[in-house]
Amino acid sequence: AYYLLLHLWCGLFGFSPVALRLLSVVGGLVLVSGIWLLTAHLLGRRAATIAALGAALAPMQVFYSQEVRMYAWVAALGALSWYAFLRVNPDPVRRGRWALAYVAVTTVALYTEYYAALLCLGQLAFALAWDHPWRSGWRRWIGKNLNVFLPPLLFLPWLAYALPRLVPYVAAKRGLDGDAPLDPLTFVWAHLSAFASGHRVGPTQPGWLPALTALGLLAVAALGVARLSRDRRARLMLVCYLVLPISLGYLVNLVYPFSPRFFERVLLPFSPPILVAAAAGVIWATRRRPWTGWLAAALILLPAANLYYLWTVPRYPDRDYRPLFQVIRGLGSSEDRVLCLHPWQYGYAVSYLPPRLRHPYLAPTDAWDETVVRRSDLSEVLSGARTIWFPSHQSLGRILESEVQADLDALASPADSGWFGSETLLLAYVPEAEDLVPGEVAGFQAGPSEVAGAFSPETRAGTGAVSVYLSWDPAFQAADGLTASLRLVDDLGQVYASSDFPLVGREQRRALLVPWGTPAIPLRLALVVSHGGSELIPDPPVPGRNHAVLGSVTVLPADEAPPTVSDLGLVPSGAEFAGGLTLAGYGRLPAAVAQGDELVIPILWLGQKRQSGEYLVFLQVLAADGNLIAASESRIAHGVWPPSEWPAGTMVRDQQTLTIPAGAPAGDVTLILGLLDPTTRARIETSAGDHIQLGTFRVSERERSFTRPPSAVESSVPFGEVATLAGYSIEKRVADSTSGEGIGNEITVTLVWKANQETATRYQSFVHLTGDDGVTVAQSVHTPGDAPTTSWLPGQYVEDVHHLSLPADGSDAGPPRIEIGLYDPETGIRLIPQSEAAADGRLPIGTIDLP
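Per the numbering used here, the very first residue in the sequence shown carries number 4; after that it's consecutive.
What follows is the structure in structure tokens.
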């Protein structure tokens, strides 16, 4: 019933998350009204107001009044069911509208949640205890209580349909979940405490707070039960509305245990009696002494303190699909499909994706048990899509998920993959392309010596993909930790698209999605191979380049309207510069940037008309007093596609960077952006002035050490004017082959650098194992000490640890040399060590014997 109502609701108000949640908000309001009516009928209006106020602030009720689930509504229907049940006149002639209302509300509750059957059992128990049939006769008793039997009878058609499917599902779920039955005290306390103070939503919420506030409310409810000792009707209602359903729920727990996080929700319809009893307790305490009444009222409202954590702590951090769909919104086109194996994934896709991407496909999971049917359906879906996005749920057995992934691997080219939380792996697949052209042959030192393949020579920005077929050297054996990366780069080395994947097998098919705003120019299809996080050197090496080039890909403009700026994950701006160039959006600023780090700002430009000239983009970081802390200037898109060549209406993604100086003062700063005329240096005006404020962030102070750390060998070799090698240590580790432990033979080289001056270049440190023949057999390259050289201050010491895996076999050329150095990755230029032993920018510090 809930999902039918939700379908009708969405037809009126749409599928936005706000509209979907609003239906549950209405259910929460109906629940507050139902509790007021029920309490007023039993105890009067004053008690009803107290109970309704407690319900409005009860964390459990608020929690499920925000969930797009049936629980708020079934709780509301339960309260209305009991209210109508108690209003039904026992005289069959005078039953009237209350009997009809009871049958309607209770039947809808049964069709909303299976546990609503306990409502009917409780009301049947109430009728049996209130009017004993063995005294008045069964026929007369059934005639007086006929309304109690009608909802279950009206529910039988659905039960006949669902029961054969429900029982096997619950039995299988029990086996998969592996939940154990709870003991009676744990079961009862879990439910009563949750009903009173809500769920504990996260580890930051103190465990004592919900427990303490629950005890306070339950104590007031216990006073109310004592006060109702003379009110047989209200007392019997509490037993049949709360105690009996909880007891029967415990018996169900023994047969079909179910205790995941927030499992108390299934018995939420039986929580209102606690608030009814608590309201009675407040009335009783008020009549005794006014201050005790105020205290009791405070104890009822005290659970509302848990609302702070309910509103500030993510409830389902491992099941939040919004970041996942943001990826699809930013990369997807109108021809993409989202493959859903579960109905709730289909609902998420409809809710969180905009209309241009709202094409989810709900798999017929029963039919997909047959491999032939599954592969045929997948082939059909692939034939009409640019990309298939597959959110693979990695829990609950994931048998079908694994089979679908294997089928997609065989039928299409993997384009992307990424984890979202611990339960969902997002996979992207592109149908195989037929118009591939042969690529250049590439190789890598200490890696595959030959890589050949084919690729798509032409694609479109935002709506296209580059299909790639790779074939590795047959003599090459893939090693653990060996990964590859396909990238689209320009002549300056800027990366516009990338896809990382493990290097497995001899042949691989991959695809590269082309983001919206990619310049419509020829770009290089680059291949990077890494081992253990260090990028291997291409063979033959090219200075300043850490990738091999497979070929050139021509990017064409998109053939459909672009997505919104928000879909691309950027902050909308719309600031128009004189000349018809618009800053459509920009990336969100981080909360803090450490001294010496780069601030990378994605920028989205919109050329409303063809530009007549070029511009310089300037970024400035200003302190609170207006002083300039950092600045940068660069051409739009760094000049690779000048605005004068853009067709009217073109959207171009730009990326500007700015380095925070190592000595920048810590504190809050402001970032501004503007355009300059490169000839006159005049700022280009906007409607808001000569610059745009992008936001504020904090410059954080970096931890530094000016005390020399110990090292096995002391040194004093300057590298240019930037730093001095103050010492180093070499440690060899051999795996224990007898015990099977260890991660293999490796060496650890620890370098100690001393900064001589500040630098604006982000140097990388390297350690090479080089044979006498000049061949590098192993290497490690990274940012020295995990602190960029742009953050170094004169006199600062930095410990730089490198781990290198040793080759399995020794070399006839003798033990390899350990050579170290610093180089600029953008130019490939090495800093020259001021030592006679150095050559080609590399300083030898020892040799190592191979196993």
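The beta carbon of each residue, even a glycine, is placed where N, CA and C say it ideally should be.
These figures come from a predicted structure and were not determined experimentally.
- Exposed is the label assigned to H135, since fewer than 16 other Cβ atoms lie within 10 Å of its Cβ.
- Across the set I663, L553, Y324 and V454, the C-alpha of I663 shows the shortest separation from the C-alpha of S794.
- Between the alpha carbons of G442 and W644 lies a gap of roughly 25 Å.
- Beta-bridge analysis with DSSP links R527 to V492 and S555.
- Out of V204, G81 and I303, the CA that lies nearest to the CA of A225 is found in I303.
- Relative to the Cα of G536, the nearest Cα in the group Y618, S690, R361 and H806 belongs to H806.
- Apart from sequence neighbours up to five positions away, the residues of its chain that approach S354 with a beta-carbon distance below 6 Å are F18, P20 and L23, ordered along the chain.
- With distances taken between CA atoms, L631 lies nearest to D671 out of G616, Q658, D671 and Q611.
- Judged by DSSP secondary structure, T662 falls within the beta strand (DSSP E) whose first and last residues are T653 to T662.
- In this structure, R705 lies near A597, with their beta-carbon atoms less than 8 Å apart.
- Taking every protein chain shown into account, the CB of W519 has 16 or more other CB atoms within 10 angstroms, so this residue is buried.
- Taken through DSSP and simplified to helix, strand or coil, I687 comes out as coil.
- In this structure, S200 and P62 form a Cβ contact; the two beta carbons are roughly 6 Å apart against a cut-off of 8 Å.
- The alpha carbon of Q614 has as its nearest neighbour, out of G583, V191, A626 and A633, the alpha carbon of G583.
- Between F190 and P326 a beta carbon distance of about 35 Å is seen, past the 8 Å cut, so the two are scored as non-contacting.
- For S615, no alpha helix (DSSP H) run applies, since DSSP gives it neither H nor E.
- A residue is called buried when at least 16 other Cβ atoms come within 10 angstroms of its Cβ; V531 meets this threshold and is buried.
- With fewer than 16 neighbouring CB atoms inside 10 Å of its own CB, I145 falls in the exposed class.
- In this structure S416 does not touch S336 by the C-beta definition: roughly 16 Å separates them, more than the 8 Å allowed.
- Comparing C-alpha distances from A840 to each of G831, L271 and G824 shows the shortest one belongs to G824.
- Shown here, E267 sits in a helix according to DSSP, grouped into three states.
- Between the stretch 193 to 208 and the stretch 32 to 49, the count of C-beta pairs closer than 8 Å stays below three; the two stretches do not touch.
- Beyond the five residues adjoining it in sequence on each side, I331 comes within less than 6 Å, by CB distance, of W392 in the same chain, given in chain order.
- The C-beta distance from L679 to Y618 rounds to 7 Å, short enough to fall under 8 Å.
- CA-CA distance, I604 to P477, rounds to 43 Å.
- Close CB contacts of E563 within its chain, under the 7 Å cut and outside five residues either way in sequence, are with S336, S337 and T466 (chain order).
- Selection E453, A581 and G849 evaluated against P543 yields E453 as nearest (Cα-Cα).
- For E734, the closest alpha carbon among the candidates A75, I848 and D234 is that of I848.
- Distance from the CA atom of A729 to the CA atom of A790, rounded to whole angstroms, is 17 Å.
- Here G666 is actually not in contact with L539; their C-beta atoms are around 36 Å apart, not less than 8 Å.
- Between A455 and V444, the C-beta gap is smaller than 8 Å, which places the two residues in contact.
- Nearest C-alpha to R656 among L674, E601, S718 and L571: L571.
- When E688, T753, R701 and P721 are compared, the shortest CA-CA separation from A715 is found for T753.
- Of the residues G227, W314 and A174, the one whose Cα lies closest to the Cα of N256 is A174.
- Judged by DSSP in its simplified three-state form, P828 adopts coil rather than helix or strand.
- Counting along the chain, no alpha helix (DSSP H) covers R233, and no H or E run does either.
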